[in-house]
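All residue numbers for the sequence shown refer to the numbering used here, where the first residue is 1 and numbers rise by one. Note that beta-carbon positions come from the ideal geometry of N, C-alpha and C, so glycine has one too.
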Amino acid sequence: MTYRPLPYELYDTQEAVGKQWIAHPSPEHRRLLGLARDALLFVYATGQPYRFEDFRRGLEASGHPPPGTFETPGNDFASLEDQLNSTREFLTSRRDEADSTRDKEVLQSIVDTLHFISATGQHRTFNEYLEHLEADAPPYVIASFNTKAEAEAWLKNQPIPPDSASVLISDAYHWVVHDERVGIFRLPRVHDLGYHLADLKKRHPPAAVASFATREEAEAWWKAQPTPARWAWVSIAGEPYLAVYHPNIQHRALYPLSMADGYEVEDDEEGPSEP
């Protein structure tokens with residue numbers, strides 16, 4: 001397998017969005033920049049940086065299509081495609097105005113990300129991801145497994161293995177690290193959920209929607225909900241738990257708030273608003 005280094009990582013593109021955010025404070029421009037920010041996060045959260053780079057290389061070989069190239073879907077996602085196209089137009093103009101070659105290339109990479117979502121028909125998945133962000137849901141995951149061996153077998157069978165995404169193994173968060181140079185996967189455990197719980201506790205203090213004597217009772221109740229929210233506070237034997245629903249993989253889980261211990265982050269002094 002050929003190793004394809006990514007020319008600009010997530011930090012570079014998000015930094016570029018941040019600079020544009022400061023330079024263009026109007027609500028409309030920030031709405032477009034917010035969509036660009038979320039599109040960049042989407043590619044990584046869904047494990048597609050290498051798939052995107054393949055797509056981007058194809059664009060470089062055939063020529064970058066101008067804004068408005070992609071036909072608006074005749075379905076529920078027509079509005080989303082209009083927003084993607086407006087964002088492409090805005091960032092294409094900013095690219096043309098940029099002074100340095102690097103700034104032009106980074107902005108083009110963001111435009112290509114928006115093209116990628118449209119050209120690969122990922123409107124539904126991207127829209128679901130936007131709903132995920134809007135709901136303040138726990139960190140996004142692309143799959144769930146009972147054992148690490150199951151996760152590794154699944155990864156090896158993927159035509160384009162994911163990278164930089166999160167999966168659940170026995171409901172614990174693990175990060176998928178795929179090194180194309182040697183064809184090796186790693187699944188280190190990560191503590192994103194601990195930080196999320198600590199942050200959620202501050203912004204949405206636990207107010208249980210239901211109380212249970214045992215975890216088994218809580219699990220049975222949560223599984224019986226036909227259309228659950230993406231998350232809800234519950235109480236089990238007097239302890240707060242976060243009940244979580246991942247609709248993209250139809251998975252439900254319960255996490256004790258005590259997992260947030262040690263992951264509280266002190267608020268910094270407020271600075272200028274950023275995306």
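| query | Does DSSP put residue 256 in a helix, in a strand, or in coil? | reply | Position 256 of the sequence shown holds residue 256. Reduced to three states, the DSSP call for residue 256 is strand.
| request: Give the straight-line distance between the Cα atoms of residue 54 and residue 192, rounded to the nearest whole angstrom. | output: As a first step, residue 54 must be located in the sequence shown, where it is residue number 54. As a first step, residue 192 must be located in the sequence shown, where it is residue number 192. Near 29 Å, if we compare the C-alpha coordinates of residue 192 and residue 54.
| request: Could you spell out the range, first to last residue, of the alpha helix (DSSP H) harbouring residue 228? | output: Counting from 1 along the sequence shown, the entry for residue 228 is found at position 228. DSSP places residue 228 outside any alpha helix (DSSP H), giving it a letter other than H or E.
| How about residue 12 and residue 106: are their beta carbons less than 8 Å apart? | Numbered from its first residue, the sequence shown carries residue 12 at position 12. Numbered from its first residue, the sequence shown carries residue 106 at position 106. Going by C-beta atoms, residue 12 is nearer than 8 Å to residue 106.
| request: Specify the secondary structure class of residue 11 as computed by DSSP and reduced to three states. | output: On the sequence shown, position 11 is the one that residue 11 refers to. Helix.
| task | Could you pull out every residue in the same chain whose Cβ sits closer than 6 Å to the Cβ of residue 271, ignoring the five residues on either side in sequence? | result | In the sequence shown, residue 271 corresponds to position 271, counting from 1. Legend: pLDDT at residue 271 = 45, less than 50; position of this residue unreliable, no value from coordinates given.
| field | Closest residue to residue 170 among 186, 146 and 163 (Cα-Cα distance) | value | The residue given as residue 170 occupies position 170 in the sequence shown. Distances from the alpha-carbon of residue 170 to those of 186, 146 and 163 put 146 closest.
| Touch check for the segment 255-267 and the segment 194-203: three-plus C-beta pairs under 8 Å? | As far as the Cβ criterion goes, the segment 255-267 touches the segment 194-203, which means the pair count is three or higher.
| CB-CB under 6 Å to residue 212, same chain, minus the five flanking residues each way: which ones, in chain order? | By 1-based counting over the sequence shown, the position of residue 212 is 212. These residues qualify, in order along the chain: 218 and 236.
| Sub-8 Å separation of residue 177 and residue 188 beta-carbons | Start at 1 with the first residue of the sequence shown, and residue 177 comes out as number 177. Start at 1 with the first residue of the sequence shown, and residue 188 comes out as number 188. Contact: yes.
| message | For residue 118, count the other beta carbons within 10 Å of its own beta carbon; 16 or more makes it buried, fewer makes it exposed. Which is it? | response | Residue 118 sits at position 118 when you count from the first residue of the sequence shown. When all chains shown are included, residue 118 counts as buried.
| According to DSSP, which residues form a beta bridge with residue 212? | Mapped onto the sequence shown, residue 212 falls at position 212. DSSP output for residue 212 lists 236 as bridge partner(s).
| task | Could you spell out where the beta strand (DSSP E) holding residue 263 opens and where it closes? | result | Here residue 263 corresponds to residue number 263 of the sequence shown, with the count starting at 1. In this chain, residue 263 is not harboured by any beta strand (DSSP E), its DSSP state being neither H nor E.
| query | Quick one: what's residue 241 bridged to in DSSP? | reply | As a working mapping, residue 241 is identified with position 241 in the sequence shown. Answer is 234 and 256, bridged to residue 241.
| request: Kindly give me the distance between the Cβ atoms of residue 17 and residue 45, rounded to whole angstroms, as I take these residues to be in contact under 8 Å. | output: Within the sequence shown, residue 17 is the residue found at index 17, counting from 1. Within the sequence shown, residue 45 is the residue found at index 45, counting from 1. The Cβ separation is near 16 Å, so there is no contact.
| task | Locate the alpha helix (DSSP H) running through residue 62, then write down its first and last residues. | result | For the purposes of this step, residue 62 is taken as the residue at position 62 of the sequence shown. First-last of the alpha helix (DSSP H) with residue 62: 49-62.
| Is the beta carbon of residue 229 sitting closer than 8 Å to the one on residue 255? | Reading the sequence shown from its first residue, position 229 is the one you call residue 229. Reading the sequence shown from its first residue, position 255 is the one you call residue 255. Result no, Cβ atoms of residue 229 and residue 255 do not sit closer than 8 Å.
| Inter-residue CB distance, residue 313 and residue 165 (contact presumed, cutoff 8 Å) | Here the chain covers residues 1 to 275 and nothing more, so residue 313 does not appear.
| message | Going by DSSP, what residue range makes up the beta strand (DSSP E) through residue 204? | response | By one-based count along the sequence shown, residue 204 stands at place 204. Where residue 204 is concerned, there is no enclosing beta strand (DSSP E), given that its DSSP letter is neither H nor E.
| residue 175 - partner residues in DSSP beta bridges | By 1-based counting over the sequence shown, the position of residue 175 is 175. Residue 175 pairs with 166.
| query | Does DSSP put residue 145 in a helix, in a strand, or in coil? | reply | Along the sequence shown, one-based indexing puts residue 145 at 145. Note: residue 145 maps to strand in three-state DSSP.
| Quick one: Cα of residue 137 to Cα of residue 179, how far? | For the purposes of this step, residue 137 is identified with residue 137 of the sequence shown, where counting begins at 1. For the purposes of this step, residue 179 is identified with residue 179 of the sequence shown, where counting begins at 1. Rounded to the nearest angstrom, the two C-alpha atoms are 29 Å apart.
| said: Quick check: the Cα distance between residue 222 and residue 82, rounded to an integer number of angstroms? | reply: Residue 222 sits at position 222 when you count from the first residue of the sequence shown. Residue 82 sits at position 82 when you count from the first residue of the sequence shown. Cα-Cα distance, rounded: 37 Å.
| query | With burial defined as no fewer than 16 other Cβ atoms inside 10 Å of the residue's Cβ, what is the status of residue 25: buried or exposed? | reply | As a first step, residue 25 must be located in the sequence shown, where it is residue number 25. Under this definition residue 25 is an exposed residue.
| Thinking just about the alpha-carbon of each residue, which of 258, 168 and 172 is nearest to the one in residue 249? | By one-based count along the sequence shown, residue 249 stands at place 249. Among 258, 168 and 172, the Cα nearest to that of residue 249 is on 168.
| query | Going along the chain, which residues of its own chain have a beta-carbon closer than 7 Å to the beta-carbon of residue 139, five neighbours each way excluded? | reply | Along the sequence shown, one-based indexing puts residue 139 at 139. Correct list, in chain order: 166, 173, 192, 193 and 196.
| field | Status (buried if at least 16 other CB within 10 Å, exposed otherwise) for residue 27 | value | Position 27 of the sequence shown, counted from the start, is the residue given in the question as residue 27. By the 10 Å Cβ count, residue 27 comes out exposed.
| query | From the DSSP output, which residues share a beta bridge with residue 189? | reply | As a position in the sequence shown, residue 189 is number 189, starting the count at 1. Bridge partners of residue 189: 174.
| task | Compute the distance between the beta-carbons of residue 207 and residue 233, then report whether it is under 8 Å. | result | One-based indexing of the sequence shown puts residue 207 at position 207. One-based indexing of the sequence shown puts residue 233 at position 233. A distance below 8 Å separates the beta carbons of residue 207 and residue 233.
| task | Give the straight-line distance between the Cα atoms of residue 30 and residue 77, rounded to the nearest whole angstrom. | result | For the purposes of this step, residue 30 is identified with residue 30 of the sequence shown, where counting begins at 1. For the purposes of this step, residue 77 is identified with residue 77 of the sequence shown, where counting begins at 1. Put simply, the backbone Cα of residue 30 is about 21 Å away from that of residue 77.
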